[in-house]
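Numbering (the UniProt record's numbering), first residue to last: 1 to 146. Here is the structure we will look at, set down as structure tokens.
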Amino acid sequence: MSRKDFSLKTEDENEIVEAIRTAEKSTSGEIRVHLEKTAGSQDIFERAMEVFHQLKMDNTKEENGVLIYVATEDRNFVIYGDKGINDKVEDDFWESTKDIILNHFKKGDFKQGLVDGILMAGEQLKRHFPWQEDDENELSDQISRG
Numbered sequence: 001m002s003r004k005d006f007s008l009k010t011e012d013e014n015e016i017v018e019a020i021r022t023a024e025k026s027t028s029g030e031i032r033v034h035l036e037k038t039a040g041s042q043d044i045f046e047r048a049m050e051v052f053h054q055l056k057m058d059n060t061k062e063e064n065g066v067l068i069y070v071a072t073e074d075r076n077f078v079i080y081g082d083k084g085i086n087d088k089v090e091d092d093f094w095e096s097t098k099d100i101i102l103n104h105f106k107k108g109d110f111k112q113g114l115v116d117g118i119l120m121a122g123e124q125l126k127r128h129f130p131w132q133e134d135d136e137n138e139l140s141d142q143i144s145r146g
């Protein structure tokens, strides 16, 4: 990420939550954003997997949860998709999504980076896991914090 401080105003957070709701409207998939200051001594990917489990994202029926984990003081982030979605998306999907988010982050536009990443993930979830009549929102859409 850039040298700029990662900060979100309340209205930014509301827009991020709304992007999650929009992305999830047409899919059984689940998207979460988790913010914390640092991954600590852990590798950021390992920490993202731990948070994924703590948020019970690995309990979705179709293994189609997507976590955007951001360690704000570390200026680093991970997009982690569960097995169901990983098996379906193109090999470069997560990397290209990460690039879009990173381009916004480098400009200091953290909200837009998260919104664009959420909506891109939502499009893939919609494509591979379209909403069915009996689908329910299995996880909170709110931003979680560590």
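In this text, a Cβ means the ideal position worked out from N, Cα and C, and glycines have one as well.
Quick one, are the C-beta atoms of residue i and residue j less than 7 Å apart?
i, j, result
"LEU67", "ARG32", "yes"
"THR38", "TRP131", "no"
"GLU11", "THR60", "no"
"GLU50", "GLY84", "no"
"GLY29", "LEU125", "yes"
"LEU119", "ALA19", "yes"
"TYR80", "PHE52", "yes"
Where does residue i land, buried or exposed, given buried means 16+ other C-beta within 10 angstroms?
i, result
"THR97", "buried"
"ARG3", "Low local confidence applies: a pLDDT of 45 at ARG3 is under 50, so the model's placement there is unreliable, and no value is given."
"ASP82", "buried"
"PHE45", "exposed"
"ARG145", "exposed"
"ARG127", "exposed"
Can you tell me the Cβ-Cβ gap for residue i and residue j, rounded? I've got them flagged as a contact below 8 Å.
i, j, result
"LEU35", "VAL78", "Going by Cβ atoms, the distance from LEU35 to VAL78 rounds to 12 Å, so no, they are not a contact pair."
"ILE143", "GLY117", "The Cβ separation is near 13 Å, so there is no contact."
"ARG115", "GLU24", "Per the sequence presented here, residue 115 reads as Val, with Arg not at that position. About 14 Å separates the two Cβ atoms, so there is no contact after all."
"THR72", "PHE6", "4 Å"
Return the chain-ordered list of same chain residues with a C-beta closer than 6 Å to the C-beta of residue i, the five sequence neighbours on each side being excluded.
i, result
"ALA121", "ILE31, VAL66"
Per DSSP, which residues does residue i bridge with? Please list them.
i, result
"SER144", "HIS34"
"THR27", "PRO130"
"LEU67", "ARG32, TYR80"
Skipping 5 residues on each side, what residues in its chain have a beta carbon closer than 8 Å to that of residue i?
i, result
"SER140", "ARG32"
"GLN42", "GLU50"
Using C-beta distances below 7 Å, list every residue in its chain close to residue i, excluding the 5 sequence neighbours before and after it, in chain order.
i, result
"LYS111", "LEU8, ASP12, GLU15, ILE16"
With a cut-off of 7 Å, does the C-beta of residue i fall near any C-beta of chain D?
i, result
"GLU138", "The displayed structure is made up of one protein chain only, and chain D is not part of it."
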